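*Asks:* Be aware that the sequence shown starts at 84, since it is given in this note's numbering, and climbs by one per residue.
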Amino acid sequence: MSPSKPQAIGATPPGETPLLLRALAGEPVPRPPVWMMRQAGRFLPEYREIRSKVSFLDVCHNADLACEVTLQPLRRFGFDAGIIFSDILLPLEAMGRKLEFGKGMGPRFPDPVRTASDIDSLKPIDPVRDMPAVLRAIQITREASGVPILGFAGAPWTLACYLVEGQGSKNWIEPKRMMMNDPASFQRLMDKLADAVGDHLQAQVEAGADAVQLFDTWAGALSPEDFRRWALPAAQRALSRVKGAPRLYFTRDTAAFLPWLKDIGADAYGVDWRTDIGRAREVLGGAMPVQGNLDPIALYGPAHDIRARVHQIIKRAGPLGHVFNLGHGITPQTPISGVEAAVEAVRSWQWT
Ligand code: CP3
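(1) Helix, strand or coil, according to DSSP, for residue 310 in the structure here?
(2) Which value, in whole angstroms, describes the spacing of the CA atoms of residue 362 and residue 136?
(3) Taking the alpha-carbon positions, what's the residue 324 to residue 278 distance?
(4) Check the DSSP bridge columns for residue 279 and list the partner residues they point to.
(5) Spell out the partners DSSP gives residue 375 in its beta bridges.
(6) Can you tell me whether residue 351 is helix, strand or coil according to DSSP?
(7) Sorted by chain position, which residues of the same chain lie with C-beta nearer than 6 angstroms to residue 107's C-beta, five sequence neighbours on each side aside?
(8) Can you name the start and end residues of the alpha helix (DSSP H) that residue 152 belongs to?
(9) To the nearest angstrom, how far is it from the Cα of residue 408 to the Cα of residue 378?
(10) Examine ligand 1 and report whether any of its heavy atoms sits within less than 8 angstroms of the Cβ of residue 120.
(11) Going by CA-CA distance only, name the one from 118, 128 and 143 that's closest to residue 166.
(12) Is residue 263 buried or exposed, if buried means 16 or more other CB atoms sit within 10 Å of its CB?
(13) Using a Cβ-Cβ cut-off of 6 angstroms (strictly less than) and excluding sequence neighbours within five positions of residue 327, which residues of its own chain qualify?
(14) Using a Cβ-Cβ cutoff of less than 7 angstroms, which residues in the same chain neighbour residue 114 once the five nearest sequence positions on both sides are dropped?
(15) Within the present structure, is the beta-carbon of residue 419 separated from the nearest heavy atom of ligand 1 by less than 8 angstroms?
(16) Counting only the same chain and skipping the five closest in sequence on each side, list residues whose C-beta sits under 6 angstroms from that of residue 85.
(17) Kindly indicate which residue of 189, 179 and 158 has the alpha-carbon position closest to the one of residue 170.
(18) Would you give the residue range spanned by the alpha helix (DSSP H) that residue 437 belongs to?
(19) Can you tell me the Cβ-Cβ gap for residue 168 and residue 152, rounded? I've got them flagged as a contact below 8 angstroms.
(20) Starting from residue 235, follow the beta strand (DSSP E) in both directions and report where the run begins and ends.
(21) With burial defined as no fewer than 16 other Cβ atoms inside 10 Å of the residue's Cβ, what is the status of residue 100: buried or exposed?
(22) Below 7 angstroms CB to CB, which residues in the same chain sit around residue 366 once its five sequence neighbours on both sides are set aside?
(23) Closest to residue 391 by C-alpha separation, out of 285, 412 and 425, would be which residue?
(24) Residue 320 lies in the beta strand (DSSP E); which residues open and close that run?
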């Protein structure tokens, strides 16, 4: 091992397939692999240290810094996978819309997409030309890391939410207004986004990503009919452009949509804590791998409670095809000790 490699506990011994890829292939594992959405970020002092000097977008656009920030949680916790440090909204910047992250405000598009001509003006992206930092970050992080590295993108519906609304929202009135009033234009937007996202994911696989995750964070804001009409086929269209690595599809608040998720054609599905993971397995079919699903706020509880909750999820999910994760991202005030307790609980599990 060269001195530059992180001492990631849980790094795969040479010649062995990493736990994450075994679980995603439905192969037997002694315990589930564990990683956490937003495992790199503000709850870590070493991340805040970098962010005290460099803006969020500048970290994303600098492959060396993005690599460093991706490795931070691997060094500290020994996760079984890293997720490359970037953001789902960056491809929209590459498509020509100005993107801002204000202090404590979340993302903003000062010129949201609202009309047919706005949609026409979105540039198709060539990920190698337009998103070089994330691709380079994947290459160097993979060389430096002993565990698999995930690439990711936002699903078309979730990207349309931010792009049309212009900022975060509860009701997503603007994207839904376009969907209801001008379905033809909205369809064109979803198609453009699906193709951009699919090509972006494929470029990440070609750069070395071991698996990719499509985040459809706001799928649960749609009615079942609108989910099936809009979000589902767009996610399917995006994933159909991706070959060569397992593809995960993550949603929140979609327990009622479980019976249709398989139509998306992903290789595994991430569910949030509102879905019973045992039921998700039943509905998706025993062979379909699932990822999840500890309530991220459970990490604020005592270690013994975290351990009991983690073991309950592992038991409910069963021995084959489970990737342990949270049901959504780590929040910024999460105690480090809570993350340590959860990781330790997964690592101490033994399927016999
Ligand atoms: O560790 C990781 O998970 C990898 C990096 C990652 C980030 N964002 C970094 C980030 C990933 C996978 C994302 C995905 C993302 N980004 C999603 C989908 C998943 C989810 O959380 O629902 C969404 C909806 C976004 C858009 C986004 N980016 C929002 C709404 C915000 C503001 C809210 C917040 O948490 O601050 C961001 C900013 C963001 N993305 C931060 C990080 C570490 C915080 C930036 C900072 O340092 O101030």
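Here a beta-carbon is modelled for each residue, glycine too, at the ideal position from N, C-alpha and C. As the structure is a computational prediction, the values presented were derived from the model and not from experiment.
*Replies:* Judging by the given coordinates:
(1) helix
(2) 45 angstroms
(3) 8 angstroms
(4) Answer is none; residue 279 lacks a bridge partner.
(5) 407
(6) strand
(7) 329, 351 and 372
(8) 146-160
(9) 9 angstroms
(10) yes
(11) 118
(12) exposed
(13) 288
(14) 429, 430, 432, 433 and 434
(15) no
(16) Unreliable placement is indicated for residue 85, whose pLDDT of 41 sits below 50; the coordinate value is still reported in the next sentence. Here the set comprises nothing.
(17) 189
(18) Any question about residue 437 goes unanswered here, given that the chain covers just 84 to 435.
(19) 4 angstroms
(20) 232-237
(21) exposed
(22) 341 and 342
(23) 425
(24) Not the beta strand (DSSP E): residue 320 falls in the alpha helix (DSSP H), residues 315-322.
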